[in-house]
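Letter by letter, the sequence shown follows residues 48 to 299 of this note's numbering. Right, one structure below, let's go through it.
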Amino acid sequence: MKKQSSKGIPTGFFSGLWYVVGSSVKMAYGCPLYDTELELAVDHDTAIVTREMWEAERAKLSKPKASAREWVRNRGRKNPFDVCTLVDARLRSGEVVVGKFSENLKFVHTGGLLDVMAYRVNESVDSETPEVTAPNDGPLQWRDRITEIDREVEALEEERASLIQKLADEGFKLIKREAVELPDMSNWRNWREGDLIVCTKEYGSGFKKGNMYAISEIVRGELNAIKVVSDENGEKNGWQPGFFKWHSRPTK
Numbered sequence: 048m049k050k051q052s053s054k055g056i057p058t059g060f061f062s063g064l065w066y067v068v069g070s071s072v073k074m075a076y077g078c079p080l081y082d083t084e085l086e087l088a089v090d091h092d093t094a095i096v097t098r099e100m101w102e103a104e105r106a107k108l109s110k111p112k113a114s115a116r117e118w119v120r121n122r123g124r125k126n127p128f129d130v131c132t133l134v135d136a137r138l139r140s141g142e143v144v145v146g147k148f149s150e151n152l153k154f155v156h157t158g159g160l161l162d163v164m165a166y167r168v169n170e171s172v173d174s175e176t177p178e179v180t181a182p183n184d185g186p187l188q189w190r191d192r193i194t195e196i197d198r199e200v201e202a203l204e205e206e207r208a209s210l211i212q213k214l215a216d217e218g219f220k221l222i223k224r225e226a227v228e229l230p231d232m233s234n235w236r237n238w239r240e241g242d243l244i245v246c247t248k249e250y251g252s253g254f255k256k257g258n259m260y261a262i263s264e265i266v267r268g269e270l271n272a273i274k275v276v277s278d279e280n281g282e283k284n285g286w287q288p289g290f291f292k293w294h295s296r297p298t299k
């Protein structure tokens, strides 16, 4: 359908929408292919048609009211869809076809097995509408998270005060202890008596790999050995530092 406006602007209606005719509209397999210069008419004034014509054509866009969740009975009437609309259909033969172009189905009944008895819009058409979700990162979310943190801090402070009171009730006092920065403990020369070490490899009989031991003495000089207290029978043995790794330094 084409019209010539009083302003000399040709307009046309195609597949449910009015366009300002400036470039060709091609068809491929019954579907419109538009070039990049095609201009969409945004209202009835731009399209240069009567309001009644514009509203009537726009109303067709909301039909049919079938969706991917409900079947609509077909009474043998003409195709209710726009060209290139994907639909699912139940045929007279009992077969259900999915995702077919509406113009390729037999909506007008002829008594054949391919007659469409019921139809619905294909699910992919319904899913084209993007789901609007609230942003999960922004000023409102930051504010809410700060509020949550404040509540958590308040709860922890209350728990701390309660535990300090329990210590006081038992005659104890909490002494504030500052963290002591330790030297590089990958160097055995920084180890000292009382440190806990873990056996990393075995040699003959003796301590087991993975077991933890306490250093009883460090022998420096040519031997470069350490004596540890075994967790079995409390025996003392001299081993090379390379058989152990440092674990921790118990507090006094």
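C-beta: ideal position from N, C-alpha, C; glycine also. Owing to the predicted nature of the structure, the values given are computational and were not obtained by experimental measurement.
With distances taken Cα to Cα, identify the nearest neighbour of residue i among the options.
{"i": "threonine 132", "options": "Leu229, Phe154, Val168 and Met259", "result": "Val168"}
{"i": "lysine 292", "options": "Glu264, Thr298, Arg267 and Tyr260", "result": "Tyr260"}
{"i": "histidine 294", "options": "Trp238, Glu102 and Lys255", "result": "Trp238"}
{"i": "arginine 137", "options": "Asn151, Trp118 and Gly241", "result": "Trp118"}
{"i": "glycine 159", "options": "Gly123, Glu150, Asp129 and Phe148", "result": "Gly123"}
{"i": "proline 127", "options": "Ser149, His156 and Arg190", "result": "Ser149"}
{"i": "valine 143", "options": "Val130, Leu161, Glu195 and Asn258", "result": "Leu161"}
{"i": "aspartate 129", "options": "Arg139, Asn151 and Gly141", "result": "Asn151"}
{"i": "proline 297", "options": "Asn258, Pro288 and Leu229", "result": "Leu229"}
{"i": "glutamate 264", "options": "Gly185, Gly241 and Phe254", "result": "Gly241"}
{"i": "lysine 147", "options": "Ser209, Val163 and Glu205", "result": "Val163"}
{"i": "phenylalanine 254", "options": "Ser233, Gln287 and Asn234", "result": "Gln287"}
{"i": "lysine 223", "options": "Asp216, Ile211 and Ser233", "result": "Ile211"}
{"i": "threonine 157", "options": "Ser140, Ala103 and Glu205", "result": "Ser140"}
Going by DSSP, which residues form a beta bridge with residue i?
{"i": "aspartate 135", "result": "Arg167"}
{"i": "methionine 259", "result": "Val245"}
{"i": "phenylalanine 148", "result": "Leu133"}
{"i": "valine 200", "result": "Answer by DSSP bridge pairing: none, since valine 200 is not bridged."}
{"i": "aspartate 162", "result": "Lys153"}
{"i": "tryptophan 293", "result": "Ile244"}
If you drop the 5 nearest sequence neighbours on each side, which residues of the same chain put their C-beta closer than 6 Å to that of residue i?
{"i": "valine 145", "result": "Asp135"}
{"i": "arginine 120", "result": "Ala165"}
{"i": "tryptophan 235", "result": "Pro288"}
{"i": "alanine 103", "result": "none"}
Quick one: what's got a C-beta closer than 8 Å to residue i's C-beta in the same chain, skipping five residues either side?
{"i": "leucine 214", "result": "Lys220 and Leu221"}
{"i": "aspartate 231", "result": "Asn237"}
{"i": "aspartate 191", "result": "none"}
Excluding sequence positions up to five away, which residues of its chain have a Cβ less than 7 Å from the Cβ of residue i?
{"i": "lysine 256", "result": "Cys246, Thr247, Lys248 and Glu249"}
{"i": "lysine 125", "result": "Phe154 and Val155"}
{"i": "phenylalanine 290", "result": "Cys246, Thr247, Lys248 and Tyr250"}
Is there at least one Cβ from chain C nearer than 8 Å to residue i's Cβ?
{"i": "glutamate 217", "result": "Of the protein chains in this structure there is only one, and it is not chain C."}
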